[in-house]
Amino acid sequence: MGSAQQFIIDRILNQLLYTMKKLLTICLMLVISQGHAQDIFQESLYSAELVMKNRDKISLTDQQAEKIKNIHSQNAGEFSSLKWDLDNANAKLKTMLAAKKVDQAAVEKQMDLVLSLENQLKRKQFSTLVAIKNELTESQQTELNQVKGSVTRLRGVTGVQGLNGYSFGDGKKGVVSVTTSGVAQPIYIIKQDGKKKKVFSVSDIDPNSIESMQVLKGTTAVDEYGDEGKNGVIIMTLKKGTDYNFEE
Numbered sequence: 021m022g023s024a025q026q027f028i029i030d031r032i033l034n035q036l037l038y039t040m041k042k043l044l045t046i047c048l049m050l051v052i053s054q055g056h057a058q059d060i061f062q063e064s065l066y067s068a069e070l071v072m073k074n075r076d077k078i079s080l081t082d083q084q085a086e087k088i089k090n091i092h093s094q095n096a097g098e099f100s101s102l103k104w105d106l107d108n109a110n111a112k113l114k115t116m117l118a119a120k121k122v123d124q125a126a127v128e129k130q131m132d133l134v135l136s137l138e139n140q141l142k143r144k145q146f147s148t149l150v151a152i153k154n155e156l157t158e159s160q161q162t163e164l165n166q167v168k169g170s171v172t173r174l175r176g177v178t179g180v181q182g183l184n185g186y187s188f189g190d191g192k193k194g195v196v197s198v199t200t201s202g203v204a205q206p207i208y209i210i211k212q213d214g215k216k217k218k219v220f221s222v223s224d225i226d227p228n229s230i231e232s233m234q235v236l237k238g239t240t241a242v243d244e245y246g247d248e249g250k251n252g253v254i255i256m257t258l259k260k261g262t263d264y265n266f267e268e
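The opening residue of the sequence shown carries number 21 in the working numbering; numbering runs sequentially from there.
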């Protein structure tokens, strides 16, 4: 192979690596920021399911119940439509990423569409939950907090749910898989050189220090991590030489 051909190949590989790392950084930041956002939802908002399940306990009136049912049903159709659009956009993005040569401009544009649809879904859920809360009295909200200990989180879309099953690699060692799903927050496992640590936040992790990222869910997560893994497990393997405190 001539030097000119090798130069072109190296340039293509470097460009692909840059694109994959950029997408990984975006995905990881979304996972981290989603955890903070969900904490706010937990403290302040109530799902229709939670309210109706405890309607007798909180003395929900028939008038309140009808209003909450209407709020839920009015938004359900729009939510389903957005979800279908998101599924279609995700499928297209996955196909584009599976190509031997990735069109960087096209894949970033498709990624923007996926993120836009996810944002619309979250806004729709958010507006629904706010409207439901406004139908409840202060005492009813207090009782709901006591029933569950904290408020139900946004359901159906968490972090980069649209990226389920996608893999981003650097062509060297490891494959980075980004996926989040479920109602509650998953646990995080940080690994490096045979060491392992369970954490509940990755806000202090530099995305550039991650060698690979894998997600376990369902029975696989439970089989390996027991009941703690029921909401999913995100395993992050750090690059050699990364300074991380495994002792605390």
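Where a beta carbon is used, it is the ideal one built from N, C-alpha and C, also for glycine. Only a predicted model underlies this, so the values are computations on that prediction, with no experimental measurement involved.
### Query
So what does DSSP say about Glu279, is it helix, strand or coil?
Residue 279 lies beyond the stretch modelled for the chain, which goes from 21 to 268, so this question has no answer here.
### Query
How big is the Cα-Cα spacing for Glu163 and Phe266?
Start at 1 with the first residue of the sequence shown, and residue 163 comes out as number 143. Start at 1 with the first residue of the sequence shown, and residue 266 comes out as number 246. Computed Cα separation, rounded: 40 Å.
### Query
For Tyr208, which beta-bridge partners are listed by DSSP?
Indexing the sequence shown from 1 puts residue 208 at position 188. Answer is Val219 and Ile254, bridged to Tyr208.
### Query
Mind checking Thr257: buried by the 16 CB within 10 Å criterion, or exposed?
As a first step, residue 257 must be located in the sequence shown, where it is residue number 237. Looking at its Cβ environment, which holds 16 or more other Cβ atoms inside 10 Å, Thr257 is buried.
### Query
Are the region 107-116 and the region 127-144 touching, with three or more C-beta to C-beta distances below 8 Å?
Verdict: yes, contact present.
### Query
If we ignore side chains and look at the alpha-carbon of each, how far apart do Lys144 and Gly261 end up?
The residue given as residue 144 occupies position 124 in the sequence shown. The residue given as residue 261 occupies position 241 in the sequence shown. Cα-Cα distance, rounded: 43 Å.
### Query
Leaving out the 5 sequence neighbours to the left and right, which residues in its chain are closer than 7 Å to Gln140 when beta-carbon positions are compared?
The sequence position of residue 140 within the sequence shown is 120, counting from 1. Once the five neighbours on either side are set aside, the close Cβ partners of Gln140 are Leu102.
### Message
Quick test of your reading: Leu236 and Val253, contact by CB under 8 Å. State the CB separation rounded to the nearest angstrom.
### Response
Start at 1 with the first residue of the sequence shown, and residue 236 comes out as number 216. Start at 1 with the first residue of the sequence shown, and residue 253 comes out as number 233. Contact flag correct, Cβ pair sits at about 4 Å.
### Task
Have a look at Val71, Thr240 and Lys259 and flag the residue whose alpha-carbon is nearest the alpha-carbon of Pro227.
By 1-based counting over the sequence shown, the position of residue 227 is 207. With distances taken between Cα atoms, Pro227 lies closest to Lys259.
### Query
What are the boundary residues of the alpha helix (DSSP H) that Ile225 is part of?
Sequence index remark: in the sequence shown, residue 225 carries index 205 (1-based). Neither: Ile225 is in no alpha helix (DSSP H) and is coded neither H nor E.
### Task
Under 6 Å Cβ to Cβ from Ala125, same chain only, skipping five residues before and after it: list those, please.
Walking along the sequence shown from the start, residue 125 turns up at place 105. For Ala125, where only same-chain residues beyond five positions count, there are no Cβ hits under 6 Å.
### Query
Quick one: is Val150 buried, meaning 16 or more other Cβ sit within 10 Å of its Cβ, or exposed?
Residue numbering aside, residue 150 sits at position 130 when the sequence shown is read from its first letter. When all chains shown are included, Val150 counts as exposed.
### Query
Alpha carbon to alpha carbon, what distance is there between Asn95 and Ser136?
In the sequence shown, residue 136 corresponds to position 116, counting from 1. In the sequence shown, residue 95 corresponds to position 75, counting from 1. One C-alpha to the other measures close to 18 Å.
### For Gln161, the three-state DSSP class (helix, strand or coil)
As a first step, residue 161 must be located in the sequence shown, where it is residue number 141. Correct three-state label for Gln161: helix.
#### Entry: Beta-bridge pairing of Val235 - partner residues as DSSP gives them
Your numbering for residue 235 matches position 215 in the sequence shown. DSSP output for Val235 lists Ile254 as bridge partner(s).
### Task
Just mark Thr148 as buried or exposed, buried being the case when its beta carbon has 16 or more other beta carbons within 10 Å.
Locating residue 148 in the sequence shown gives position 128, counting from the first residue. The residue in question, Thr148, is buried, as its Cβ has 16 or more Cβ neighbours within 10 Å.
### Task
Using the Cα positions of Glu138 and Asn108, report the straight-line distance between them to the nearest angstrom.
The residue given as residue 138 occupies position 118 in the sequence shown. The residue given as residue 108 occupies position 88 in the sequence shown. For Glu138 and Asn108, the distance between alpha carbons rounds to 12 Å.
### Query
Considering only C-alpha positions, which residue in the set Gln84, Asp224 and Ser232 is nearest to Gln212?
Along the sequence shown, one-based indexing puts residue 212 at 192. For Gln212, the nearest C-alpha among the options comes from Ser232.
#### Entry: Cβ-based burial, Ser67 [other Cβ within 10 Å; buried from 16]
Here residue 67 is taken as the residue at index 47 of the sequence shown, counted from 1. Buried: at least 16 other Cβ atoms inside 10 Å.
### Message
Can you look up Ile78 in the DSSP assignment and give me helix, strand or coil?
### Response
The sequence position of residue 78 within the sequence shown is 58, counting from 1. Three-state result, Ile78: coil.
### Task
Determine which residues share a DSSP beta bridge with Ile152 and list them.
To locate residue 152, count along the sequence shown from 1; it is residue 132. DSSP lists no partner for Ile152.
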